[in-house]
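Peer 1: Sharing a structure here in structure tokens format.
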Amino acid sequence: MPIIDPVADFFTAIRNANAKLKEKVDVPASKTKIAVSKILKEEGFISNYKVIDDYKQGILRVYLKYTPQKEAVIKEIKRLSTPGRRIYDAASELPRLRRGMSVVIVSTSKGIMTARKAREAGLGGEVMGYIW
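So the sequence shown is numbered by our numbering: it starts at 14 and just counts up by one.
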């Protein structure tokens, strides 16, 4: 069965592994998933990630992060823009969810970045999803 929305599948894999308190999750690699993983690491939601070369597409291994009390750092990760309903916003209209406590991921003309960085750069784009 073909994958229609790889970012949604990536978010679902993280959400499912997080619910089971898994140490890591492996997904097929892509430039978009790697860019999202970089943001998740910079914002402190995952401990690390790496790309494993399998002489095909590659595998993206994401190492999840938990508190000392074994609670997941990622409370919710959700896809906003979908292939059937794309959501585009200008820089001034990019969402601030959960009173700024969440990280909104935006695909801009300068690459994938957080909504905060996109606002600072004056860039709008597709609102991919959010995490908190």
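Heads up, the beta-carbon is just placed ideally off N, CA and C, and yes, glycines get one too.
Does Ile87 have its Cβ less than 8 Å from a Cβ in chain B?
Peer 2: The structure shown contains no chain B, having only a single protein chain.
Peer 1: Starting from Thr121, follow the beta strand (DSSP E) in both directions and report where the run begins and ends.
Peer 2: Where Thr121 is concerned, the enclosing beta strand (DSSP E) stretches over Val116 to Thr121.
Peer 1: Does the segment 40-52 come into contact with the segment 124-136, if we say contact requires no fewer than three beta-carbon pairs (one atom in each stretch) closer than 8 Å?
Peer 2: Segments in contact, yes.
Peer 1: Contact between the segment 67-75 and the segment 30-46 is defined here as three or more beta-carbon pairs at a separation below 8 Å; is this criterion met?
Peer 2: Yes: at least three Cβ pairs fall under 8 Å.
Peer 1: Label Tyr62 either buried or exposed according to how many other C-beta atoms from any shown protein chain fall within 10 Å of its C-beta, with 16 as the threshold for buried.
Peer 2: Tyr62 comes out buried.
Peer 1: Taking only three categories from DSSP, how would you classify Thr80?
Peer 2: Thr80 falls in the coil class under three-state DSSP.
Peer 1: Ala30 and Leu107: beta carbons closer than 8 Å?
Peer 2: No. Outside cutoff.
Peer 1: Assuming Ile52 and Ile87 are in contact, meaning their beta carbons sit under 8 Å apart, how far apart are those beta carbons, in whole angstroms?
Peer 2: That pair is no contact at about 13 Å.
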